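In order, the protein sequences belong to chains A and B. Start counting at 1 in the first sequence, then tack on 17, and there's your number in the working numbering. Start counting at 1 in the second sequence, then tack on 166, and there's your number in the working numbering. Below: one structure, written as structure tokens.
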Amino acid sequence: MSTNCGNPITETDAMMPRRCKFDRSKMCIKCKENRGNIVVRHAVYCKVCFVLMLNQKFKRSLEPTINPVPDGPRKKSLSPLGNLVIAFSGGLGSTVLLDLVHRGYISSRKPRQDGDISTSRKDPKNEMVWKEVRVCYVEVCGAFPGMRDRTDDVRRVVESYDGFEFVPMRVEDAFDERWWESVGGRPVEGQLGVDVMNEDLILSPSSNPTSPLSTLHIYLSSLPAPTAIPSTLQTLTRLLLLHTSRSTNSSHLVLGTCLTSLSISLISLVAQGGGFNIKEEVQEEWCLGKVVVKEDKGKEGRTVRIVRPLKDIGMKECEMYAWWSDLEVVGQETWPGAPQGIGGITKDFIIGLEKDYPSTVSTIARTCGKLAPKDVPAGICILCNRPSQGQVKAWKDRISIRSLSSSPLPSTSPAQPSLAPYLCYMCHTTLTSKSSKKPNSAVSTEKGDGVESKVEVPVPQWVGARITAMGREVMKDELKEFLLVDEDD
Amino acid sequence: MSEISLKVEFGGGLELLFSNQKSHQLSLPTRVASDDSTSPFGKEQETKALDITYLIHWLRDHRLKERVELFMENDTVRPGILVLVNDTDWELEGEGQYEIKDGDEIVFISTLHGG
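Structure follows, in structure tokens:
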């Protein structure tokens, strides 16, 4: 029973009967022969029909995204432009995803015969859709001293399937120039640092070169609020996966985000100021350094499409599939501080909601899927590489109290290069928004004279590379009238 | 007092709260205290048939080793824990009110191990 506005202690009819967990009978609604084994959003399925239904949902979600331009409801052939990367975290969703991809597209098919997948328009049902399939795992234990390294457990699970190439990475690779060069990035001349105590995020050459792991620790400890740590790790992981996908000529990156985790991440994203990217949280086209436009779709090697094929499958369905298929779920350790962050609180709320009102969770995802920002993107964020609305700081200045001190905020002189203009609202907030409860423990915030001290934090490799490239472009623009024009142009 | 024999299994990392033991073979009385108290009770106390709600309380009091908040919430299992009765979703069997029969197999699976 649940309460219906009135006080259930004094008014007996204030309690309304809880809706039955399943409609009609306990028989399977598909085959109508077997007794049901599972209730999925009020519908009853037997074990056999449940597995078939889950496979159908998975394929219905994935296959329309495989061709560069969707064929519409009547698909003719599956011809992706590149290879496939499966992002594997060891958690429930990605474990189910790995199994479904293997059953649907690898174990039941033979290797692709044609040499050039881009020119082939055939989709023989017995041949693999993607020529090469890689499974990428990003180990985050380096971020938290004492956390267990699960790479070997994950490797064992991945290697229990044939047809996958295992690609292990570590989250600190984001600060490692060797990794950056291995994925085809141009070497960055010297490491760049950003002053996180100044909201303009002033850039300067980093004076103390450190190991990638130490750099990661400096970066995380400089973040101003607990929520910023999980959100930063997610951004670093996402970019590591994207750059790896690009360097392996992969046109698709699939994630094991199920319906429940998608609803959690959508609400959490909006709460953290990422509402402009709500569309990208469901499905995303990524191209290095630019906003993807229609013309980019269908051109080989230009974009990576991020797909969440489990976005219509709830956490309960994933768990039942894993249990009945006897899948080993390595699991993930809870990140220190994550339960108290926005993501953790949202997770508790959505999981509780799913228990009593299972249909509501899919409503969240469907409703968010209909939202779109009013403005066109002004560019892409240099840090998270998602479309950005631009003029973030000016907008923040208009809508919020920026300082409790009576003196105006120090402004950046035009001579000082700043990271802030190139960040989206969420990344700027993640780097600068201080917790109201406690001061940043990692850095001293104020000097005796009340002026905030400078804290220099190294930036990820792709940020440094982009800043360097932009510097070259600016220099080229300034010098172009003095340059001789090549006669071939 | 007659007893019912049943098998309890934990999955999805939930076994870590129960001495890292996945399978437990139990014998519990057919009649139990209706307030789900698992300590011995007198003749005057109201009783009910052994059900899953009582089993959850019994597991908390006699098998759980740590962090009760990860297993129980508001007299039932925490949201995110699935319960199977003889390989069938407990939502089809009346959830906590399902009366346990001799030889039943009850599985508790946590969905909260990431994704």
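We treat Cβ as the ideally placed atom computed from N, Cα and C, and that holds for glycine. None of the values given here were measured: they were computed from a predicted structure.
Quick one: grab the DSSP three-state call for B:Asp-202. To locate residue 202 of chain B, count along the second sequence from 1; it is residue 36. Here B:Asp-202 sits in coil by DSSP.
Quick one: complete beta strand (DSSP E) runs, 3+ long, within the region 149–215 of chain A? 150–156, 182–187 and 209–212
What residue from A:Thr-254, A:Asn-54, A:Leu-115 and A:Gln-408 has the CA that sits closest to A:Glu-345's CA? Residue mapping note: residue 345 of chain A aligns to position 328 of the first sequence, counting from 1. A:Glu-345 has its Cα closest to that of A:Leu-115, out of A:Thr-254, A:Asn-54, A:Leu-115 and A:Gln-408.
Listed in chain order, which residues of the region 247–260 of chain B have Cβ atoms closer than 7 Å to some Cβ of chain A? Leu-248, Asp-253, Thr-254, Asp-255, Glu-257 and Leu-258
Could you check the C-alpha separation between B:Asp-202 and A:Asp-373 for me, to the nearest Å? Here residue 202 of chain B corresponds to residue number 36 of the second sequence, with the count starting at 1. Here residue 373 of chain A corresponds to residue number 356 of the first sequence, with the count starting at 1. Each residue's Cα considered, the two are about 23 Å apart.
Going by C-alpha to C-alpha distance, which of A:His-269, A:Thr-244 and A:Leu-270 sits closest to A:Ser-285? Taking the first residue of the first sequence as position 1, residue 285 of chain A is located at position 268. Residue A:Thr-244 is the option with its Cα nearest to A:Ser-285.
Stretch-stretch touch, CB-based, cutoff 8 Å, three pairs: the region 225–239 of chain A with the region 51–70 of chain A: no
Inter-stretch contact at 8 Å, needing at least 3 Cβ pairs: the region 252–270 of chain B / the region 231–239 of chain B: no
Leaving out five residues before and five after A:Lys-127 in sequence, what residues of the same chain have Cβ atoms less than 8 Å from its Cβ? The sequence position of residue 127 of chain A within the first sequence is 110, counting from 1. The residues are Asn-143, Glu-144 and Met-145.
Please tell me whether B:Ile-275 has its Cβ less than 8 Å away from any Cβ of chain A. Mapped onto the second sequence, residue 275 of chain B falls at position 109. Yes - at least one Cβ of chain A is within 8 Å of the one on B:Ile-275.
Apart from the five residues just before and just after A:Gly-99, which ones in its own chain have a Cβ nearer than 6 Å to its Cβ? Your numbering for residue 99 of chain A matches position 82 in the first sequence. Only Asn-266, Ser-267 and Ser-268 meet the Cβ criterion.
Boundaries of the alpha helix (DSSP H) in which A:Val-308 is found, first to last residue: As a first step, residue 308 of chain A must be located in the first sequence, where it is residue number 291. Segment: none, A:Val-308 is in no alpha helix (DSSP H) and carries neither H nor E.
Between which two residues does the alpha helix (DSSP H) carrying A:Ile-368 extend? As a working note, residue 368 of chain A is residue 351 in the first sequence. 359–373 is the extent of the alpha helix (DSSP H) around A:Ile-368.
Same chain, Cβ closer than 7 Å to B:Leu-236, neighbours up to 5 away in sequence not counted: Position 70 of the second sequence holds residue 236 of chain B. Cβ neighbours of B:Leu-236 beyond the five flanking positions: Leu-183 and Arg-244.
Measure from the alpha carbon of B:His-190 to the alpha carbon of each residue in B:Leu-278, B:Phe-176 and B:Glu-210, then state which is nearest. Indexing the second sequence from 1 puts residue 190 of chain B at position 24. Taking only the C-alpha atoms, the option nearest B:His-190 is B:Phe-176.
Length at least 3, wholly inside the region 253–310 of chain A: the beta strand (DSSP E) runs in chain order: 267–271 and 301–303
Residue interval of the beta strand (DSSP E) (run including A:Arg-322): Locating residue 322 of chain A in the first sequence gives position 305, where the first residue counts as 1. First-last of the beta strand (DSSP E) with A:Arg-322: 321–324.
For the beta strand (DSSP E) containing A:Gly-99, list its first residue and its last residue. Along the first sequence, read from residue 1 onward, the residue named residue 99 of chain A stands at position 82. From DSSP, A:Gly-99 is part of no beta strand (DSSP E); its letter is neither H nor E.
Check the C-beta distance from A:Glu-297 over to A:Arg-403 and give it rounded, since I have them as a contact under 8 Å. On the first sequence, position 280 is the one that residue 297 of chain A refers to. On the first sequence, position 386 is the one that residue 403 of chain A refers to. With a Cβ gap of about 5 Å, A:Glu-297 and A:Arg-403 count as contacting.
When you compare each of A:Cys-153, A:Thr-249 and A:Leu-270 to A:Val-324 by their alpha carbons, which one comes out closest? Counting from 1 along the first sequence, the entry for residue 324 of chain A is found at position 307. The shortest Cα separation from A:Val-324 among A:Cys-153, A:Thr-249 and A:Leu-270 belongs to A:Leu-270.
Could you tell me whether any Cβ in chain A is nearer than 8 Å to the Cβ of B:Gly-269? Taking the second sequence and counting its residues from 1, one reaches residue 269 of chain B at position 103. Judged by the 8 Å Cβ criterion, B:Gly-269 is not in contact with chain A.
Tell whether a beta-carbon distance below 8 Å holds between A:Ser-223 and A:Leu-209. Residue mapping note: residue 223 of chain A aligns to position 206 of the first sequence, counting from 1. Residue mapping note: residue 209 of chain A aligns to position 192 of the first sequence, counting from 1. Yes; because the gap between Cβ atoms is below 8 Å, this pair is in contact.
Going along the chain, which unbroken runs of the alpha helix (DSSP H) with 4 or more residues stay wholly within the region 59–94 of chain A? 64–79
Quick one: grab the DSSP three-state call for A:Met-487. The residue you call residue 487 of chain A lines up with position 470 of the first sequence. Here A:Met-487 sits in helix by DSSP.
Looking at A:Val-378: is its Cβ nearer than 8 Å to the Cβ of A:Thr-277? Along the first sequence, read from residue 1 onward, the residue named residue 378 of chain A stands at position 361. Along the first sequence, read from residue 1 onward, the residue named residue 277 of chain A stands at position 260. A contact, by the Cβ cut-off of 8 Å.
Establish whether the CB of A:Lys-43 and some CB of chain B are separated by less than 8 Å. Numbered from its first residue, the first sequence carries residue 43 of chain A at position 26. Chain B contact via Cβ: present.
Could you list the residues in the region 161–194 of chain A with a C-beta less than 8 Å from some C-beta on chain B, going in chain order? none
When DSSP labels each residue in this structure, what does A:Asp-329 get in the three-state scheme? Taking the first residue of the first sequence as 1, we reach residue 329 of chain A at position 312. The answer is coil: DSSP assigns A:Asp-329 none of H, G, I, E or B.
For the beta strand (DSSP E) that B:Gly-177 lies in, which residues bound it at each end? Counting from one through the second sequence, the residue named residue 177 of chain B turns up at place 11. Unbroken beta strand (DSSP E) run through B:Gly-177: 169–177.
For B:Gly-283, which residues in chain A fall below 7 Å Cβ to Cβ? Beyond the ends of chain B as shown, which are 167 and 281, falls residue 283 of chain B; an answer cannot be given.
Would you please verify whether the beta carbon of A:Glu-345 is less than 8 Å from any beta carbon of chain D? You won't find chain D in this structure, because its protein chains are A and B.
Where does the unbroken beta strand (DSSP E) through A:Ala-242 begin, and where does it stop? The residue labelled residue 242 of chain A in the question sits at position 225 within the first sequence. A:Ala-242 -> no beta strand (DSSP E), and no H or E assigned at all.
C-alpha distance - A:Thr-27 paired with A:Lys-76, whole-angstrom precision: Taking the first sequence and counting its residues from 1, one reaches residue 27 of chain A at position 10. Taking the first sequence and counting its residues from 1, one reaches residue 76 of chain A at position 59. About 52 Å.
DSSP state of B:Thr-277, grouped into three classes? The sequence position of residue 277 of chain B within the second sequence is 111, counting from 1. B:Thr-277: coil per DSSP, three-state reduction.
Proximal residues to A:Leu-347 (C-beta, below 7 Å), its chain only, five neighbours per side dropped: For the purposes of this step, residue 347 of chain A is taken as the residue at position 330 of the first sequence. With the sequence shown as reference, residue 347 of chain A is identified as Val, and Leu is not the correct amino acid for it. So the qualifying residues of the chain are Gly-107, Arg-167, Asp-170, Val-171 and Val-174.
For A:Glu-336, the three-state DSSP class (helix, strand or coil): The residue given as residue 336 of chain A occupies position 319 in the first sequence. Three-state DSSP puts A:Glu-336 in a helix.
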